[in-house]
Each structure stands twice: as structure tokens, then as C-alpha cells.
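Visitor: One structure follows; several queries about it will come next.
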Amino acid sequence: METETVAGGYFGRALVVDLSAGARADVLPLPDHVLRAYIGGAGLGAWLMHELAPPGVDPLGPEAPLAFCFSPLVGTPLTTSAKFAVVAKSPLTGLLNDALASSHFAIAGKLTGHDAIVVRGACDEPSVLIVDADGPRVEPAGDLWGLSADDAETRLRERLGKAWRVASIGPAGERLVKYATVSHDGRHAGRGGLGAVLGSKLLKAVAVRPALKVAPADPKAVLAAARDLRKRSFGPATAKYRELGTLANLLAFNAINTLPTRNFQAATFSDAPRLAAEDLAEARGVARDSCASCSIGCEHIYKGADGKGTRVEYENVFALGPLCGVSDPDAVLEASARCDAYGLDTISAGGTIAWAMECAERGLIDAPWLRFGDAGALLRALDEIAAREGLGALLAEGSRAAAAVVGQGSADFAPHVKGLELPGYEPRTLQAMALGLAVNARGADHNRSGAYEADLSGRHDRLSGGAAHVAAAIGTEDRAAVMDSLILCKFLRGVFEEPFPEWARLLSTVTGWDVDAEELAATARRIVLAKRAFNAREGWTRADDGLPERFLSEPLEVGSGRSAALTHEQLDGMIEAYYEARGLHTSGLLKSAQIRDLRLGVERNSTRSISAAVP
Amino acid sequence: MADTAGIVLAGGRSSRMGRSKAALEWHGSTLLRRVVGIVGRAVDGPVIIVRAPGQELPSLPEGVEVVEDAREGRGPLQGLAAGLAAARPRATAAYVSSTDVPLLHPRFVRRVIAALDDGADVVLPHVGGYPQPLAAVYRTALLETVERLIAEDRLRPAFLFEACRVRRLDAAALLEDPALAALDPDLESVLNLNEPADYDAARARPAPEVTVRVFGALRRLAGATADPALVAAATLAEAAAATNLTLDEHVVAALNGDQITRDPDAPLVAGDTVAFLAADAGG
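Line by line, the protein sequences are chains A and B. Per this note's numbering, the very first residue in the first sequence carries number 1; after that it's consecutive. Per this note's numbering, the very first residue in the second sequence carries number 1; after that it's consecutive.
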């Protein structure tokens with residue numbers, strides 16, 4: 001039988017482990033044409049979910065697969081390439097969710113000899129999955145159950161050895177909190193509740209140890225490219241990340257009425273300076289850190305009042321600070337630390353709590369202790385969510401589900417799209433981003449859509465969304481799809497003057513394929529549409545692309561006195577224009593030719609139930 | 001449909017100035033560029049420049065439209081007709097300005113616009129004892145009236161004012177707006193430049209005082225400057241220079257918490273706040 005040659009940087013296979021059968025392992029061949037069509041990371045994950053997730057699967061049921069997806073660049077000297085995607089059907093949204101995390105797990109996981117490691121089924125007891133040269137096996141982990149992800153990782157590595165790398169869940173994942181994270185080395189595949197998926201399988205952690213090597217097609221050229229990229233990574237395009245980290249956004253966004261405050265009731269926070277990176281760095285002492293294989297070093301770790309260090313980003317400070325009306329930096333650092341310890345997505349936690357604060361203040365829920373600006377209330381809410389106790393039992397379901405229970409119009413101000421809570425970008429003052437948030441497959445997401453770049457470029461009026469914003473939003477989606485599949489960190493994006501040609505050259509150098517910019521652009525579109533197609537299969541409808549009523553009926557005012565308003569008509573107009581520009585049917589569904597281009601089910605010669613419009 | 005467009009008449013002969021007023025240098029930019037930018041900040045509709053047939057104009061920001069007088073040398077009503085014709089499908093009214101008003105403040109423009117109500121077709125400021133037809137708001141529906149007057153060779157603006165409903169605002173009425181009273185107490189918004197001496201005197205004035213803030217990693221580049229800082233700057237380029245920043249692809253500015261721009265010629269006026277931000281907002 002003729003064996004297909006595997007492209008450089010790949011093993012050409014995924015490991016599929018059935019936890020219900022005592023870690024029975026199957027090898028799923030990943031043919032060259034699939035890898036070339038989806039690359040790796042988020043793209044490969046989307047393809048795997050189409051192939052392995054039964055239609056309508058319960059995200060927390062044993063049949064639901066979860067994939068750790070690597071990429072051809074992982075393990076090369078290319079800066080920021082040590083990243084992996086965790087992909088599954090989200091228990092929070094019921095749709096496709098891919099979340100990226102970084103560092104050594106990516107390299108070790110890939111060097112077990114697989115381009116992806118997929119788990120499905122469920123263990124009989126709390127367990128860890130171990131994968132190395134001897135293959136996969138499941139071991140009891142009762143002693144780890146209840147520990148933070150970080151402690152579980154530490155203990156497991158003490159047991160197994162330093163060569164092992166671990167991805168784990170915290171107590172929130174164990175208790176199936178719908179926005180529980182999967183964590184590795186203090187970094188999180190945060191959004192969409194993938195920690196709950198593992199928790200439902202009683203899988204506390206996945207531990208991997210390298211077993212094989214894989215070479216790029218042209219190692220010398222890769223090394224040269226790596227040296228060049230590293231040099232460029234020290235330039236002005238990454239200065240913000242190196243010097244202050246993403247928290248530098250806080251004061252800047254506050255100055256332009258873009259800092260979501262008190263559940264998006266406002267877009268400036270008078271106490272923002274108390275949480276500013278510029279001053280926290282001086283007052284608190286800050287340490288920097290970086291992921292494996294990264295020359296940028298964006299991580300900024302601040303000391304809390306107890307002297308312990310907490311890594312902060314803009315998103316966790318906005319969500320646990322201004323969004324909840326909390327201005328005490330010690331409280332925000334403590335809240336961030338608790339989210340890390342419990343394994344909670346800070347954005348969804350902050351958004352859900354902020355929504356609950358507003359409900360409490362309006363008298364819609366009986367929680368007199370829960371008020372905007374009350375740091376103690378914020379911390380109590382986090383504790384209850386992680387424990388699924390008291391109000392936390394409701395809030396652990398996320399703001400969409402909680403609003404469905406509370407009713408009384410609370411859905412109008414539940415800050416989510418498709419069930420995923422909004423990140424720290426105010427849609428009414430960033431109207432290209434408003435579109436990006438509304439149409440994104442994952443939900444309200446600032447990573448799969450970077451449309452804020454258009455709003456903040458100076459080329460468009462950010463307060464008047466229209467046709468120009470549509471093109472810009474699509475451009476950022478496509479670029480994100482490629483970066484999340486190659487995988488390269490988005491903080492590097494500013495160093496690429498011509499992204500698609502440069503990325504195509506990088507990919508060609510690693511794989512040996514002759515990829516050009518045009519092919520890569522088609523790959524980007526395919527990845528974006530593959531996610532949309534999965535969602536359509538799982539019940540997405542046109543009504544799911546939109547924004548909560550608050551954003552469409554409550555204008556804001558910016559510093560000049562101009563009104564920042566976004567109407568239903570405006571947003572619907574942009575969404576329709578987005579569908580047209582993407583070549584979709586007016587319903588937002590893929591046309592038949594687009595579904596064929598997804599190249600799904602080819603290997604199994606099976607038909608798939610994918611909704612499509614008649615061309 | 002937008003409420004108000006902006007129309008800038010650039011087609012005058014500039015005979016007393018001796019050279020094109022539109023192209024006169026103003027703090028590294030031009031008079032026309034400045035006035036267009038100021039008017040654009042205050043209206044919600046298109047900004048339209050009316051030039052003489054074949055007239056060359058200095059560089060302009062993206063999105064500004066240019067139309068031509070049907071005939072040269074027929075005075076402001078001819079230019080008004082061309083401007084109203086372009087604006088009418090898209091706005092119910094238009095603020096009309098001359099080119100030679102470098103001290104025009106957006107607050108003045110907004111004050112005049114705000115005075116247009118159902119009982120008026122024109123809002124006409126009176127400053128220093130003189131009506132200011134090129135610092136006024138006109139309903140775009142006046143187009144037919146203006147065209148009729150042109151056809152009848154009745155070319156003075158006063159003929160138009162006899163034929164429609166005019167609300168006149170004297171200085172006291174204008175300065176009832178407290179923001180305008182604070183930012184332009186002497187109503188220098190209507191100060192126009194007719195002769196070289198006028199231009200020299202205006203150009204010699206200090207640039208307006210604006211507040212500058214620098215955020216994030218840019219603070220290091222800006223050096224040990226106070227934050228916020230007061231600087232004299234008539235354009236964004238001058239504000240950046242005063243703050244030791246270079247307006248390159250890594251820097252953007254937000255004017256008054258509103259428009260994001262990298263345009264070095266973006267005009268600044270007294271009371272403006274400029275926030276310099278890193279162009280990369282990812283996080």
C-alpha cells in the first residue's frame with residue numbers, strides 16, 4: 001500500500017482516545033489535503049469537530065469530543081509558535097469553540113507524535129490522561145480532584161517528572177461551570193467552558209511527554225526566518241505588549257469612551273486611573289514573563305496586597321474592575337487570582353456577575369449584598385460560582401441562561417452574543433467591532449475578530465458603522481483564522497507588512513508546500529466558513545447573529561458631545577452586507593459550493609447533515 | 001438623511017490677497033484644509049467644497065467632495081447654489097463658510113446650526129455690526145430661490161434674505177452658548193483675511209492651546225512631560241511634535257474622545273483634547 005508522504009512539521013495523524021474504554025486509542029490519519037486545507041490549531045480543530053462530533057451532541061455528554069490541536073510551526077524556532085488550540089462544542093454556547101493557550105504543552109503534546117490529541121467518552125473516576133512514547137493511558141487522579149489547575153499541574157509533574165507538560169482544569173471545571181477554563185503553566189484556554197467539557201469526562205488533566213521529533217521541510221530556511229522574525233518582534237509594533245502589557249488598553253479606552261463600565265451602562269469609568277498599568281507598574285512592582293518560544297514577553301505579573309503575584313491582562317482587569325464597578329486594585333488582583341485558582345474565564349465571570357449586579361440593583365433578583373462597586377460582593381460571587389452554591393448555581397450557567405431564568409426583561413442587558421460574554425470593547429463606540437462581535441462563530445469574541453483595528457485605525461468613523469466597516473471586519477476575521485491555525489500569536493501581527501504573502505512563505509518553508517498568498521486567503525475563508533457550517537449544523541439561526549438590546553437602544557455620548565448610537569437597522573444592514581461579502585445566502589447559511597469547499601467527510605465518504613441554502 | 005452638511009466656498013478671486021486664499025499656509029497645512037476640517041467636525045452630513053471652474057486646490061482629506069461653480073466671478077450666491085445642489089439630496093440644511101476664516105471654531109458652527117428651527121430658512125449671525133452670510137446656515141430647500149435670483153442677476157446675499165425667513169443672531173445671542181462664550185468669547189470665528197496684512201497678523205498669533213494626553217508605552221517615547229500637558233498646537237502634527245511623538249503607523253490620536261485620526265493636518269482649536277494612543281489595541 002502506498003504511504004502518503006507527510007509534509008514537513010506534521011505527523012499526519014491525530015490520536016483519538018476513548019476514555020470510556022480505558023484509553024483505547026485510535027489513530028485518525030490526517031491526509032495532506034486536509035492539513036493543507038486547514039493547517040492546524042483552530043482550523044484543524046474545526047475540521048476535527050465536523051468529523052468526530054455527532055450532530056446535536058451534548059457538549060457535556062460522553063460522546064462529545066475535545067481536541068488539543070497543534071500546528072506545523074509548533075516546535076520550530078519561530079517566535080510565539082508554542083501555542084495550541086483546545087476545540088470542542090461549547091457547553092456555554094452550544095456552538096463550536098476554539099480557545100488558544102500557550103507554552104510548553106504545545107511542543108510536548110505535538111512531539112508525542114500527533115498533530116492533535118482528541119478525547120471522547122468519559123472516565124469512571126477522576127483521572128488523568130497520560131500520553132508518551134508508550135501511548136495513552138488513564139490513571140486515577142482522585143488526589144488531584146479539587147485542586148487548582150496550577151496545583152494539579154505542579155503535583156503531577158512532581159509525580160511524573162519535569163519532562164512532562166500538563167494541561168488541567170480547576171474546581172470550576174470539575175463542577176461543570178459553563179465557562180470553566182483549561183489551563184497550562186498559568187495560561188488559559190479560557191473561553192467557552194472547555195474546562196467543563198473535561199470535567200464532564202472526569203478528566204482532571206492531560207499530561208504529555210515528547211516521544212518523537214519532526215523536522216520542517218527546510219530547516220535552514222526556517223532558522224533564517226526565525227532569526228528575522230525574532231529581530232522584528234523587538235520593534236515598535238510590539239512595544240505596548242513588552243512595556244506595559246495589554247493592560248495599557250485600560251486608560252486609552254477610557255479616554256475614548258470605550259471602556260465597558262457597570263454592565264455596559266457606560267463607557268468611561270471615573271476610577272480607571274486606579275487600575276491603570278502606567279501607575280500599577282510603579283506602585284506594585286511588576287515582573288515580566290513569557291511563554292515558551294516567545295521573544296515578546298507580554299506577561300505582566302503584579303503583586304497583590306498579600307505579596308503574591310497575579311498575572312493581569314486588560315480583559316481580566318476590565319471584567320472584574322470597571323464592568324462590575326470595582327476600582328480597588330487589590331480586589332481586582334484578588335478576583336483575578338481566584339479566577340485562576342478556580343479555573344474561571346474572567347470575561348464571562350465578570351460579565352455574568354455584572355449582569356447579576358444590575359439585576360440585583362433593579363430588584364429582579366433577591367441579592368441585596370450584590371451591588372456594583374462592592375469588591376466583597378464580587379469575590380463572594382466568584383466563590384459561589386466556583387462552588388455552584390447560592391446565587392452561583394444560577395450564575396455558573398452564564399448570563400444568557402441565567403437571564404432566561406430570571407426573565408423580567410433581564411435578557412435585554414445580558415452582555416453576551418450567542419451565550420459568550422462580551423470582551424472589553426464597547427460596540428457602540430467601535431462599530432466595526434460591533435459587527436465582528438455579532439457575526440463571529442464563537443460568540444462575542446475579540447480574538448477571532450479584530451475589527452476594533454478598523455475602528456481605531458483612523459480610516460473609518462468608529463461611530464457610524466457601514467460598508468467600509470464590513471470589509472474591515474472580514475479582513476480581520478480572515479487574518480485571525482490564519483494566525484490561529486499556523487499558530488502564531490496575534491501580538492506579532494503588527495510586524496508583518498504583507499501578512500498573507502509572508503505567512504505563506506513561512507508555511508511553505510516549514511511544510512515544503514508551495515503555498516502562495518491567494519491559497520492562504522482561500523484557506524482563511526474556508527476556516528471561517530467551516531466554523532459557521534458547524535454552528536448551522538448545531539442549530540444556529542440568523543437570530544443568533546446580533547447584539548443584546550441594550551446596545552441597540554441605549555446610545556452613549558462621547559467626549560465631543562456626539563452620540564454613539566447603534567440601531568437595529570444599522571446593525572442588520574452591516575450583517576446583511578457581511579453575508580453578501582462572504583458569499584453566503586441572505587440567511588447567513590453557506591451555499592452548496594462553499595460546503596463542498598470545506599472538504600468534509602471525504603475520507604469517510606459519508607454525507608453530513610449540514611444546513612445549506614440552494615445555490 | 002443627515003441634518004446638516006458643510007459647504008466651503010473656495011472659488012473666490014482673492015484679488016486683494018493677491019494669491020489663492022485656499023492655498024495659504026497655516027501651521028504646516030493650508031487655510032482650506034483647516035476650514036474644511038473644522039466644519040467637518042461640526043456637521044453630521046457631507047462636507048462639500050465649491051471651487052471655481054478649473055481651480056486647483058491644495059490636498060484635502062479623504063471623503064471631502066468638490067463641486068464647481070457654474071460660472072466664475074459671480075459672487076457667493078453662485079457658489080451657494082452649487083453647494084446646495086450637491087448637499088440637497090443628503091441633508092436638510094448646510095453650514096456655509098468661506099475659506100479665509102482660520103480662527104473658526106466648531107463650537108461656533110454648532111451654535112449657528114442649533115438655532116435653525118421650523119420658523120427659519122436661514123440663521124444669519126451678525127457680528128461687529130455686519131451680517132455674516134459666509135458663516136451661516138441655509139436650508140437646502142432654498143436652492144430654487146437661489147437659482148432664481150442668479151437667473152435674475154440679483155447676486156447679493158441680501159436679496160436672498162428678503163425672499164426667505166431669516167433668524168438673525170447678534171453677538172449676545174451667539175454667546176448665550178456658554179461653551180462658545182468660553183472658547184471663542186470674541187467671536188473670532190468670523191475673522192476673515194482679505195489682505196496680506198490680515199493674513200500676516202493672524203498667522204503671527206500663537207497657536208491655540210490644547211490638552212494633550214499620552215497613553216501606554218507612548219509615554220516613554222514622549223519623555224518626562226506632564227500628563228495631561230497644555231501645548232500650543234494648530235494641527236495634530238504640531239501637537240505630536242510638542243509631545244516628542246512621531247505620527248507613524250504605531251501611533252493614533254483621538255480628538256476630544258471622538259474621532260480617531262493619524263492625519264497630521266487635522267486642525268486643532270482652543271479647548272481640544274488630544275489623546276495619543278498606541279495603534280495596536282489588541283488585548
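C-beta: ideal position from N, C-alpha, C; glycine also. Keep in mind that this is a model prediction, so the values were computed, not measured.
(1) Output needed for A/A480: all residues of its chain with C-beta closer than 8 Å, excluding positions within five of it in sequence on either side, in chain order.
(2) Give me the Cα-Cα distance between A/A108 and A/E519, rounded to the nearest whole angstrom.
(3) Quick check on DSSP: helix, strand or coil for A/H184?
(4) Chain B beta carbons: is any one of them nearer than 8 Å to that of A/S449?
(5) Any idea what DSSP makes of A/E315, helix, strand or coil?
(6) Using DSSP with H/G/I as helix, E/B as strand and the rest coil, what is A/S611?
(7) For B/S15, name the three-state secondary structure that DSSP assigns.
(8) At the 8 Å Cβ level, is B/A239 part of the contact set with chain A, yes or no?
(9) Kindly indicate if chain B contains any beta-carbon less than 8 Å away from that of A/G466.
(10) Comparing the C-beta of B/F108 with each C-beta of chain A, is any distance below 8 Å?
(11) When you compare the CB positions of A/V206 and A/L194, do they come within less than 8 Å of one another, or not?
(12) If I measure Cβ to Cβ from B/P131 and keep anything under 6 Å in the same chain, skipping five residues before and after, which residues do I get?
(13) Residues of chain A with a CB under 8 Å from the CB of B/L277: which are they?
(14) Given that B/G257 touches chain A, what residues does it touch there, using C-beta distances under 7 Å?
(15) Would you mind giving the Cβ-Cβ distance between A/V17 and A/A23, rounded to the nearest angstrom? I have them listed as a contact below 8 Å.
(16) Along the beta strand (DSSP E) that carries B/I49, what are the first and last residues, could you check?
(17) Just the chain A side, please: which residues come within less than 8 Å of B/I260 by C-beta, in chain order?
(18) Could you give the uninterrupted runs of the alpha helix (DSSP H) lying entirely in the stretch 100-153 of chain A, keeping only those of 4 residues or more?
(19) Classify A/T541: buried if its beta carbon has 16 or more other beta carbons within 10 angstroms, exposed otherwise.
(20) Can you round the beta-carbon distance between A/A533 and A/D516 to whole angstroms, since I take them to be within the 8 Å contact cut?
(21) With a threshold of 16 other CB atoms inside 10 Å of the CB of A/V197, please say whether the residue is buried or exposed.
(22) Specify the secondary structure class of A/S20 as computed by DSSP and reduced to three states.
(23) Output, in sequence order along the chain, the residues in the stretch 212-235 of chain B whose CB is closer than 8 Å to any CB in chain A.
(24) Measure the CB-CB distance between B/A278 and B/G223 and report whether it falls below 8 Å.
(25) Taking B/D69 as the reference, which of B/D170, B/E209, B/V210 and B/G83 has the closest Cα?
(26) Report, in whole angstroms, the separation of the C-beta atoms of A/Y578 and A/L344, which I expect to be a contact under 8 Å.
(27) At a Cβ threshold of 8 Å, is A/E498 touching chain B?
(28) Residue range of the alpha helix (DSSP H) that A/I39 falls in?
(29) With DSSP as the reference, label B/F276 as helix, strand or coil.
(30) With a threshold of 6 Å on Cβ separation, who are the neighbours of A/S293 within its own chain once the five nearest residues in sequence on each side are excluded?
(31) In terms of DSSP beta bridges, what is A/D289 paired with?
(32) What does the alpha-carbon distance come out to for the pair A/V138 and B/V252?
(33) For a quick check, are the C-beta atoms of A/G9 and A/V214 less than 8 Å apart?
(34) In the DSSP assignment, the beta strand (DSSP E) including A/C69 goes from what residue to what residue?
(35) Quick one, which of A/R36, A/V177, A/D58 and A/D150 has its alpha-carbon nearest A/E384's?
(36) With a threshold of 8 Å between beta-carbons, can A/E278 be considered close to chain B, or not?
Guide: In short, the structure shows the following:
(1) Around A/A480: N447, R448, S449, G450 and K490.
(2) 30 Å
(3) strand
(4) no
(5) helix
(6) Confidence is the limiting factor: at A/S611 the pLDDT is only 46, short of 50, which leaves the residue's position unreliable, though a coordinate-based value still follows. Looking at A/S611 - three-state DSSP - the assignment turns out to be coil, as it is neither helix nor strand.
(7) coil
(8) no
(9) no
(10) no
(11) no
(12) L124
(13) A252, A255, I256 and L456
(14) A255, I256, N257, V558, G559 and S560
(15) 5 Å
(16) V47 to R51
(17) I256, D455, L456, S457, G458 and R462
(18) 104-110
(19) exposed
(20) Contact flag wrong, Cβ pair sits at about 25 Å.
(21) buried
(22) helix
(23) R213, F215, G216, A217, R219 and R220
(24) In this structure, B/A278 sits away from B/G223, with a CB-CB distance that is not shorter than 8 Å.
(25) B/G83
(26) About 32 Å separates the two Cβ atoms, so there is no contact after all.
(27) no
(28) Taken as a continuous stretch (DSSP letters only), A/I39 belongs to no alpha helix (DSSP H), as it is neither H nor E.
(29) strand
(30) So the list reads S81 and A82, once near-sequence residues are dropped.
(31) DSSP output for A/D289 lists A/E299 as bridge partner(s).
(32) Distance between the alpha carbons of A/V138 and B/V252 is about 53 Å.
(33) yes
(34) L66 to C69
(35) A/V177
(36) yes
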